[in-house]
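Under full-length UniProt numbering, the first residue of the sequence shown carries the number 1, and numbering increases by one thereafter.
C-beta: ideal position from N, C-alpha, C; glycine also.
A short worksheet on the structure shown next.
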Amino acid sequence: MIVRKTSTSAALCLTFVILIWGMNWLVIKDALRVAPPLFFTGLRLLGGAVAIAVARLALGHQLRLGDRGRLNLFAVGLLQMACGLGLSLIGLQYLDIGRSALIFYTMPLWLAIIEWVFDGRRQTGFELAAIGSGLGGIMLLSADGLGPTAAPMTFNNAEGVALLLIAAICWALGTWLADRTRSDIDVWSRTTFQLATSGTAVMMASAVLEPHFDVKHLSALAFPIAFNCIVATGLAFVAWYYALASIPARIASQSLVLIPVVALMSALILQGEELALQTVLACLLIIMGVTIVIWQREEQPLRNRAVSASFSQIDEAHEPRAKRQPKRALS
């Protein structure tokens, strides 16, 4: 009975995460009408760091920085949070919500390619077909129409697609580096550290690269900032890690492919975004490709890790399972 209740609670938490992170694309798109993308990304990251830190301290837990892996964790934060989230928001200015979310959530495809290039991981024919399926979906999303009537891609569309692809690759690189980083920092301290340092870096970039934000528009950002900091970061991360404690990581990871579907359908229902046939086909191709890649990656261990020693991961297999940190999720 207790096991059933725990499983039900974990499933509800996972559903909550998928819905919140999917619908958050709509919240962010609205926020970008009044705020520059890097400025809002910085506020989102710094606010998330404050929300998690306050919650942990209020519950009597300490936030601490360990002695190992801080530089790598900082690099992971820059790749995933500063570059991944920052560039995705810049790209979101040029594309609709559905296409943006679908392109961004192709990061497992790029992770498989990165592991093949840097680790010498052998790809199965099934996996290569899955990567091809995902790349085919990206090509469909990049086109303006289907068949002979398709129009040439506009500059804004091309820029948006390129930025979101770079964002997805940056996130995948961050995941690759995180998997090879040994650290004695607990997951909450690590997340707070990465949010704070990445948020600071993004705010500095915003001050240099973006026009000055008019403070009179700050009230219009009250809901998006509160939603991102409290719900999409604070509550969603708690729900995600609770779900990971009760649900196999492979199932939890595969369920995240539903996030762009939630974003796509929410934009269709709530904001009246057009749902073109090519978007539906691209969605099917990308989800199929990503799902297979995640499944294959969990089924087959990495082979010929040529660079793993440089990240001090040689003895990971001997670390007690209970002490291993949960994998980072995507918000």
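Reduced DSSP category for Gly160 - H, G, I as helix; E, B as strand; rest coil: helix
Residue range of the unbroken alpha helix (DSSP H) whose run includes Arg99: 97-104
Give the DSSP-derived three-state secondary structure of Gln62 in the structure shown. coil
To which residues of the same chain is Arg305 closer than 7 Å at the C-beta, ignoring the five residues directly before and after it? The pLDDT assigned to Arg305 is 38, lower than 50, so where the model puts this residue is not dependable; a value taken from the coordinates is nonetheless given after this. Cβ within range, chain order: Asp119.
Please classify Met107: is it buried, with 16 or more other beta-carbons within 10 angstroms of its beta-carbon, or exposed? buried
In the structure shown, what three-state DSSP assignment does Val257 receive? helix
Residue burial classification, Lys216 (beta-carbon count within 10 angstroms, cutoff 16): exposed
Ala229 and Gly48: beta carbons closer than 7 Å? Rather than Ala, the amino acid found at residue 229 in this sequence is Cys. Yes, the Cβ-Cβ distance between Cys229 and Gly48 is below 7 Å.
So, at 8 Å on beta carbons, what are the nonlocal neighbours of Ala51 in its own chain, with the 5 sequence-adjacent residues on each side left out? Cys229, Ile230, Thr233, Gly234
With the cut-off set at 7 Å, would you say Ala130 and Gly289 are in Cβ contact? yes
Cutoff 7 Å; reference Ile114; Cβ partners in own chain excluding five residues on either side: Ala172, Leu173, Trp176
Roughly how far, in whole angstroms, is the beta-carbon of Val262 from the beta-carbon of Ile18, given that I think they are within contact range, below 8 Å? 6 Å
Which residues in the same chain have their Cβ closer than 8 Å to the Cβ of residue 341, if we skip the five residues on either side of it in sequence? Only positions 1 to 331 of the chain appear in the structure, and residue 341 is not among them; the question remains open.
Taking the alpha helix (DSSP H) that Tyr242 falls in, what are its first and last residues? 236-246
Under three-state DSSP, which class holds His217? helix
Grab the span of the alpha helix (DSSP H) containing Asn228 for me, first residue to last. Element bounds for Asn228: n/a, residue is neither H nor E.
Only counting the same chain, and skipping five residues up and downstream in sequence, which positions put a Cβ closer than 6 Å to that of Leu264? Gly98
Flag this pair as yes or no: are the beta carbons of Ala35 and Leu221 separated by less than 7 Å? yes
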